[in-house]
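According to the numbering used here, the residues represented by the first sequence are 145 to 636, in order. Each residue gets a CB set at the ideal place from its N, CA and C atoms; glycine is no exception.
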Amino acid sequence: MAKELTSRAADYSQWYNDLILKGQLADYTAVRGCMVIKPYGYALWENMRDVLDKMFKDTGHVNAYFPLFVPKSLFEAEEKNAEGFAKECAIVTHYRLKNDPSKPGKLMVDPEAKLEEELIVRPTSEAIIWNTYKGWIQSYRDLPLLINQWANVVRWEMRTRLFLRTAEFLWQEGHTAHATKEEAIIETKKMLEVYADFAENWMAMPVIKGVKTASERFAGADDTYCIEALMQDGKALQAGTSHFLGQNFAKAFDVKFSDKENKLEYVWATSWGVSTRLIGGLVMAHSDDDGLILPPKIAPLQVVIVPIFKSDEELGMITNKVNEIMPELKELGIRVKFDNSDAARPGWKFAQYELQGVPIRLAIGVRDLGNNVIEVARRDTKTKTSVTLDGISFYVKALLEEIQLHMFNRAKQYRDEHITPANNWEEFVDILDNKTGFVSAHWDGTAETEEKIKELTKATIRCIPLNNEQENGKCILTGNPSKERVLFARAY
RNA sequence: CGGGAGGUAGUUCAGCCCGGUAGAAUACUUGGUUUGGGACCAAGGGGUCGCAGGUUCGAAUCCUGUCCUCCCGACCA
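What follows is the structure in structure tokens.
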């Protein structure tokens, strides 16, 4: 079974690629580093997007859309932000092609059509948005501004990987403006909670909420909060970030407001985002050697019904019964498909839907009709049971919930078992090399030490967990005093 | 961007070293038998050999350039 898939043990990277490609989530294109998200993968993204969008709106945000291009002069206004992204920008320099006189039928860039000012294809939108906000904000009555946009961005990464790091990707970016520092910090933390809620309760992917060290911070932020997830190969994945931007962008773009005392103040800012990278995390958090395992709440298809028949007459009998069940399932809001195609035999369908991670498979043949039962197969545990057809829709509904919970608990158990304290350097390195996962260790708080540890072990500080327990100790590398442990890991 | 590997039928690949009518498996189409874990038989269709130059009587094969992918590294909100 699953004979064409590479196993995780044999080659984890290849297994990951196999699942994306053969599970039909995405495919390569002729464009370097850019993928096409196929209908099945896009359906997954749509489900994720819809849930997040509702969460944003429930927390008072509205959607808008800003330009893809950022004039270079605006892009460079916030210096740290510009510096952070400068090395991975796509730049528009011309606006016209013309026939190439030396190569008939071919086109060339028209040198006459050079732009006065280059346009940067947005790697993130703070610059264009804050330049726009300048015109929208005059008074404290204009605040807060709570805006989100669903968009694509481009980052010219040297090395790309499907979903995890592509040159162009889809995401949402929230950009809010506030009258006070306190309010902006509350917003930053609120959105981190939204992300954690989404990751854990919808994607069934446990995350650690924390704050980044100064060197891992978003370029232009005063603080970067993050959710960190753990993949099955023991590597960490930054799954979402929420930034407290202070007044950095307000100052760079001169965005001031009059407060109640008619004093001019700079606006306080936040930005926060999650991307299609979440899909990569979803794949690596849950799936197995037989294919994808998708959490029911966001799976494009939650239930597939596969008929087992030897003749049209038998298929007719089965179809009659399925026609009773389908409306009941749909009535309960379940995304269900009846695969009565005769192009593939049952065994092939079983394997295909397992590869694509459909949470529940129902198989029904005439034998089952006689016994008034149906075979229920769970993707997460690969167990099969024969269940009475009476009230089957409620059984399926409950089972979907159970699968969702089981997937989360299983991932959480793995994650929890892979947060390991290290009290000396030998332990630290041993855990990273052999056990993998997060290592909880003391750090002296300096960027130099952080960098040195990264050089020596390739592990980075993923975050300083929120509500971190305070505990006096000694830095794992330097032995200097430390007040708390931080989480290290090798990461994607 | 450095090192390594690769790109030939929808897919996985052989052929390349040593230039001479483009192959296999699988998938697809049709017919038949089948159908409770990736069925079988028969017939059939499908290719600018990544792209662009060059060498040659002749290039999938040799040479040069270029694009895309994978792995390792550097980089990485």
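Q. With distances taken between CB atoms, is the gap from Glu-628 to Glu-615 smaller than 8 Å?
A. Within the first sequence, residue 628 is the residue found at index 484, counting from 1. Within the first sequence, residue 615 is the residue found at index 471, counting from 1. Here Glu-628 is near Glu-615, since their CB atoms are less than 8 Å apart.
**Q.** Limits of the beta strand (DSSP E) - the one that Tyr-497 falls within
**A.** Within the first sequence, residue 497 is the residue found at index 353, counting from 1. Per DSSP, Tyr-497 belongs to no beta strand (DSSP E); it is in the alpha helix (DSSP H), 490–499.
(Q) Quick check on DSSP: helix, strand or coil for Thr-150? (A) Along the first sequence, read from residue 1 onward, the residue named residue 150 stands at position 6. Residue state, collapsed to three classes: coil.
Q) Taking the continuous beta strand (DSSP E) assigned at Gln-614, which residues delimit it? A) Looking up residue 614 in the first sequence gives position 470. First-last of the beta strand (DSSP E) with Gln-614: 614–618.
(Q) Quick check on this structure: which residue in Gln-376, Val-630, Lys-602 has the alpha carbon closest to the alpha carbon of Leu-610? (A) Numbered from 1 along the first sequence, position 466 holds the residue referred to as residue 610. Nearest option by C-alpha distance: Val-630.
Q: Within its chain, find whatever has a CB closer than 7 Å to the CB of Glu-262; leave out the 5 residues flanking it on each side and keep chain order.
A: Translated into positions along the first sequence, residue 262 becomes position 118. Excluding five sequence positions before and after Glu-262, the CB atoms of its chain that fall closer than 7 Å to its own CB belong to Lys-216, Ile-235, Val-236, Thr-237, given in chain order.
Q) In whole angstroms, what separates the C-alpha of Gln-158 from that of Glu-409? A) Within the first sequence, residue 158 is the residue found at index 14, counting from 1. Within the first sequence, residue 409 is the residue found at index 265, counting from 1. Glu-409 has its alpha-carbon roughly 53 Å from the corresponding atom of Gln-158.
Q. Relative to the C-alpha of Ile-281, which residue among Trp-412, Asn-191, Thr-173, Ser-537 is closest?
A. The sequence position of residue 281 within the first sequence is 137, counting from 1. Ranking Trp-412, Asn-191, Thr-173, Ser-537 by CA distance to the CA of Ile-281 puts Trp-412 first.
Q) Quick one: Cα of Leu-188 to Cα of Gly-384, how far? A) Counting from one through the first sequence, the residue named residue 188 turns up at place 44. Counting from one through the first sequence, the residue named residue 384 turns up at place 240. Using only the alpha carbons, I get a separation of about 18 Å.
Q: Closer than 6 Å by C-beta to Ser-386: which residues in its own chain qualify, once you throw out the five before and the five after it? Chain order, please.
A: As a first step, residue 386 must be located in the first sequence, where it is residue number 242. Thr-332, Met-335, Leu-336, Tyr-369, Trp-416, listed in sequence order.
Q | Cut-off 7 Å between Cβ atoms - residues of its own chain near Lys-404, not counting five sequence neighbours on either side | A | Along the first sequence, one-based indexing puts residue 404 at 260. The beta carbon of Lys-404 is closer than 7 Å to those of Tyr-284 in its chain, skipping five residues each way along the sequence.
Q) Count the other CB atoms within 10 Å of the CB of Thr-529; is the residue buried (16 or more) or exposed (fewer)? A) Reading the first sequence from its first residue, position 385 is the one you call residue 529. By the 10 Å Cβ count, Thr-529 comes out exposed.
Q) Which term fits Gly-477, buried or exposed, when burial requires 16 or more other beta carbons within 10 angstroms of its beta carbon? A) In the first sequence, counting from the first residue as 1, residue 477 sits at position 333. By the neighbour-count criterion, in which a residue is buried when 16 or more other Cβ atoms sit within 10 angstroms of its Cβ, Gly-477 is exposed.
Q. Which residues mark the beginning and the end of the alpha helix (DSSP H) in which Ser-217 is found?
A. For this step, residue 217 is matched to residue 73 along the first sequence. Residues 216–219.
Q | Meets three-Cβ-pair contact criterion under 8 Å: the region 174–186 and the region 311–324 | A | Touching, yes, given that three or more Cβ pairs across the two stretches are closer than 8 Å.
Q) CA-CA distance, Glu-372 and Lys-356? A) By 1-based counting over the first sequence, the position of residue 372 is 228. By 1-based counting over the first sequence, the position of residue 356 is 212. Straight-line spacing of the CA atoms in Glu-372 and Lys-356 works out to 10 Å.
Q. Is Lys-493 buried or exposed, if buried means 16 or more other CB atoms sit within 10 Å of its CB?
A. Here residue 493 refers to the residue found at position 349 when the first sequence is read from its first residue. Classification of Lys-493: buried, given that the 10 Å Cβ count is 16 or more.
Q | Proximal residues to Glu-472 (C-beta, below 7 Å), its chain only, five neighbours per side dropped | A | Counting from 1 along the first sequence, the entry for residue 472 is found at position 328. Cβ within range, chain order: Ser-537.
Q | Cα-Cα separation, Pro-625 to His-430 | A | To locate residue 625, count along the first sequence from 1; it is residue 481. To locate residue 430, count along the first sequence from 1; it is residue 286. Roughly 39 Å separates the two Cα atoms.
Q. For the beta strand (DSSP E) that contains Trp-315, what are its first and last residues?
A. Translated into the one-based positions of the first sequence, residue 315 becomes position 171. Here the beta strand (DSSP E) through Trp-315 covers 312–322.
Q. What do you get for Ser-359, buried or exposed, if any count of 16 or more other CB atoms within 10 angstroms of its CB means buried?
A. The residue labelled residue 359 in the question sits at position 215 within the first sequence. Looking at its Cβ environment, which holds fewer than 16 other Cβ atoms inside 10 Å, Ser-359 is exposed.
Q: Going by CA-CA distance only, name the one from Leu-241, Glu-256, Ala-257 that's closest to Lys-250.
A: Walking along the first sequence from the start, residue 250 turns up at place 106. The shortest C-alpha to C-alpha distance from Lys-250 to any of Leu-241, Glu-256, Ala-257 is the one to Leu-241.
Q) From Pro-451 to Ala-507, what distance separates their C-alpha atoms? A) Residue mapping note: residue 451 aligns to position 307 of the first sequence, counting from 1. Residue mapping note: residue 507 aligns to position 363 of the first sequence, counting from 1. For Pro-451 and Ala-507, the distance between alpha carbons rounds to 6 Å.
**Q.** Start-end ranges of the alpha helix (DSSP H) lying completely within the region 183–220, minimum 4 residues
**A.** Fully enclosed alpha helix (DSSP H) runs of 4 or longer: 183–202, 216–219.
Q. Between Lys-556 and Met-349, what straight-line distance do the alpha-carbon atoms span, to the nearest angstrom?
A. Reading the first sequence from its first residue, position 412 is the one you call residue 556. Reading the first sequence from its first residue, position 205 is the one you call residue 349. Using only the alpha carbons, I get a separation of about 7 Å.
(Q) Pull the bridge partners of Asp-171 from the DSSP assignment, please. (A) Counted from its first residue, the first sequence places residue 171 at position 27. DSSP output for Asp-171 lists Val-180 as bridge partner(s).
**Q.** DSSP-derived helix/strand/coil call for Ile-437
**A.** Position 293 of the first sequence, counted from the first residue, corresponds to residue 437. Residue state, collapsed to three classes: coil.
Q | Outcome for Leu-259 when other beta-carbon atoms lying within 10 angstroms are tallied against a minimum of 16 | A | For the purposes of this step, residue 259 is taken as the residue at position 115 of the first sequence. Looking at its Cβ environment, which holds fewer than 16 other Cβ atoms inside 10 Å, Leu-259 is exposed.
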